[in-house]
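First up is the structure itself, then whatever we jot down about it.
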Amino acid sequence: MILSNDSSPGTLTGARVGTPSRVRQDCAGLDDTPASQLDREKLLQHLGRDALHGSISRDFQSAYRVVVDEETGKKRSVPRLYRTDSEKLGRCEYVMLTNKQYSAVMVIDVDQPGESGGHPVHLNAYVKSVIFALVQRGIGPAWAGINPLSGKAQFIWLIDPVYTGKNKHSSNMELLKATSQELGALLAHDPHFAHRFSRSPFYTGKSVEAYRWYHQHDRVIRLQDFLRQVREMAGHPQYGKNMRQQFSSGRELINAVKARREEAQAFKALAEDVENEIGAGLDQYDPELIDGVRVLWISQGCAARDETAFRHALKTGHRLRAAGQRLTDAAIIDAYEHALQHAQTTLLVQPSSPR
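Each residue of the sequence shown is one higher than the one before, counting from 1 in full-length UniProt numbering.
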């Protein structure tokens, strides 16, 4: 996480000027200066997209158009995309800043009503307390959007872009999902907001319900550090990797390795004893074994006698060796002849194939 070295706990460096501004708790520690066109251009640059999926209104079905597949002739819906350098994007009150394969931001929709007005001071009291705590830790949102009628809000954090292929698992996407859930739960968010559409910070229309947007900073957060701090704030346990055991000397390390090797050898011996003890006993429950022999077949009515005998002799030798008994020629030959005779007998009693 990139933090300013010269920022004191009570001040925040202004988003567009180099002079420090006093952090006001009644404003959740947020800068109350409306976002500029330059701020929006920097956000578009961070998103790294040539076009965005937008919706002019809450009629999200109109954000898709129907096309006919040239190969199959079937109709399918495709999103309406708006170029980021086009004025038409400003007509969209809603936009998808993320998708399932790529995300450069984390968007949290807070469905907690505050007061009318559209400024940070009009946020819900609980939401203000959480955002203020995040700002004090240096992990406040990069953007804050506030509904001028209800005081509800959406917050945006800039993150290092995360990717995943179609139908593929991505640990970074899972980390983003976990972070969004933890932070959203802390802010009492709406996890199902607008079918992945969020209020657009690029909207330039005159809707009375359009969110007022306030740019705070351009810092890019590291999700792992951010998640750790959010869990710490919420009083939730951390689920990091196990800490590597430290040793005070080389001798202590050698002794630890020897002890673990002895434990592994003891476990292996115990496992082999159990296998030897129950291996022969389990044969009686195998329906394909007759007198301990599994007959292999080349085709119906044609037994693979030599392979059957060889495999049975090999299994017998393995069990004798595992049990610590002598591996004599007589024992192997007896096992081979027993299986060979059994395969021959089984072949003789096989019913003839129907014609």
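All C-beta atoms, glycine included, are put in the ideal place defined by N, C-alpha and C. Computed from a predicted model, the values in this text were never measured in an experiment.
Length of the line joining the Cα atoms of residue i and residue j
i, j, result
"Lys-177", "Ser-103", "11 Å"
"Leu-340", "Ala-259", "48 Å"
"Gln-344", "His-338", "10 Å"
"residue 414", "Leu-52", "What the structure shows of the chain is the stretch from 1 to 355, and residue 414 is not part of that stretch, so it cannot be assessed."
"Tyr-126", "Leu-227", "20 Å"
"Pro-34", "Pro-237", "37 Å"
"Pro-113", "Leu-149", "9 Å"
"Asp-261", "Ala-269", "Position check: residue 261 holds Arg in this sequence, whereas Asp was assumed. Taking the straight line joining both Cα atoms gives about 12 Å."
"Thr-316", "Asp-225", "58 Å"
"Ile-139", "Gln-229", "9 Å"
"Lys-74", "Val-68", "6 Å"
"Arg-231", "Ser-249", "35 Å"
"Asn-172", "Val-107", "16 Å"
"Pro-9", "Leu-183", "Any reading at Pro-9 needs caution, since the residue's pLDDT is 39, under 50, leaving its predicted position unreliable; the model's value is listed next. The alpha-carbon atoms of Pro-9 and Leu-183 are separated by roughly 22 Å."
"Arg-294", "Gln-265", "32 Å"
"Glu-307", "Ala-323", "24 Å"
"Val-66", "Arg-76", "6 Å"
"His-318", "Cys-302", "27 Å"
"Gly-145", "Gly-151", "10 Å"
"Asp-50", "Phe-60", "21 Å"
"Gln-325", "Gln-181", "60 Å"
"residue 374", "Leu-253", "Lying before the first or after the last residue shown, residue 374 is absent from the chain, which here runs from 1 to 355."
"Phe-267", "Arg-137", "49 Å"
"Gly-235", "Val-130", "13 Å"
"Ile-298", "Ile-333", "23 Å"
"His-342", "Arg-251", "59 Å"
"Tyr-285", "Glu-263", "Any reading at Tyr-285 is ruled out, since the residue's pLDDT is 48, under 50, leaving its predicted position unreliable."
Residue i and residue j closer than 9 Å at C-beta
i, j, result
"Phe-197", "Ser-55", "yes"
"Ala-153", "Tyr-203", "no"
"Leu-320", "Ala-309", "no"
"Asn-147", "Glu-209", "yes"
"Trp-157", "Val-105", "yes"
"Thr-179", "Gln-101", "no"
"Ala-335", "Ala-304", "no"
"Pro-141", "Leu-43", "no"
"Met-233", "Leu-186", "yes"
"Gly-205", "Arg-58", "no"
"Arg-311", "Leu-327", "no"
"Ala-28", "Val-135", "yes"
"Ser-207", "Glu-93", "yes"
Given residue i as reference, the closest of the options once Cα atoms are compared
i, options, result
"Val-220", "Ala-185, Glu-232, Pro-161", "Pro-161"
"Arg-199", "Thr-33, Trp-143, Arg-49", "Trp-143"
"Leu-30", "Arg-294, Met-233, Phe-155", "Phe-155"
"Asn-124", "Tyr-64, Asp-26, Val-107, Arg-49", "Asp-26"
"Arg-222", "Glu-174, Glu-263, Ser-207, Ile-159", "Ile-159"
"Gln-45", "Gly-324, Asn-255, Leu-97, Gly-205", "Leu-97"
"Ala-63", "Leu-47, Leu-89, Arg-231, Leu-186", "Leu-89"
"Asp-32", "Ser-57, Gln-136, Leu-183, His-122", "His-122"
"Arg-24", "Val-66, Phe-132, Asp-50", "Phe-132"
"Lys-128", "Val-95, Phe-267, Ile-254, Ala-188", "Ala-188"
"Asn-99", "Ile-298, Gly-48, Gly-235", "Gly-48"
- Query: Just checking, does the segment 116-125 make contact with the segment 75-92 on the three C-beta pairs under 8 Å criterion?
  - Reply: no
- Looking at C-beta atoms only, is the number of pairs between the segment 212-221 and the segment 35-42 that lie closer than 8 Å three or more? yes
- Segments assigned beta strand (DSSP E), at least 3 residues, entirely inside the segment 29-114: 51-55, 64-68, 75-79, 81-83, 94-96, 102-110
- Can you list the beta strand (DSSP E) stretches of 3 or more residues lying completely in the segment 177-223, in chain order? 212-215
- If you scan the segment 120-145 from start to end, which runs of the alpha helix (DSSP H) of 4 or more residues do you find wholly inside it? List check, alpha helix (DSSP H) in window: 125-136.
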